[in-house]
Amino acid sequence: MASIFIYEDQKTGELFHYKRRGSHRKNGRRLVFIKKSRAETSSNHILNRIEESYSDEKAGYPPNCNKGYVEKNGKCAPE
């Protein structure tokens, strides 16, 4: 299991996630360590997939249809 270290910018309140613990800086300001999380990093999270799908659709890319579906008029439809 991977560990994630969470740091906060005290001025803006913005949170940053790092794979290693140490002295981190953003915009010339030192980040303050908040906590260690034992969660797995997942790039395949549902919110990430929705965001990518929306941005691809907005950019005009065709959808990636699952098996048994084909693209018709920019949308996935059964064969």
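Position in the sequence shown (first residue = 1) + 734 = the working numbering.
Glycine residues also receive a C-beta, built at the ideal position from the N, C-alpha and C atoms.
- Counted as a single uninterrupted DSSP element, the beta strand (DSSP E) harbouring L749 occupies residues L749 to Y752.
- R772 and H758 have their C-alpha atoms roughly 20 angstroms apart.
- Taking the Cα positions, H751 is about 43 angstroms away from E813.
- Between D743 and K760, the CB-CB gap stays under 9 angstroms.
- Of the residues assessed, L749 falls on the exposed side of the cut-off, its CB having fewer than 16 other CB atoms within 10 angstroms.
- The continuous beta strand (DSSP E) containing K769 extends over residues V766 to S771.
- In the three-state reduction of the DSSP assignment, C799 falls in the coil class, being assigned neither a helical nor a strand state.
- For A811, the three-state secondary structure derived from DSSP is strand.
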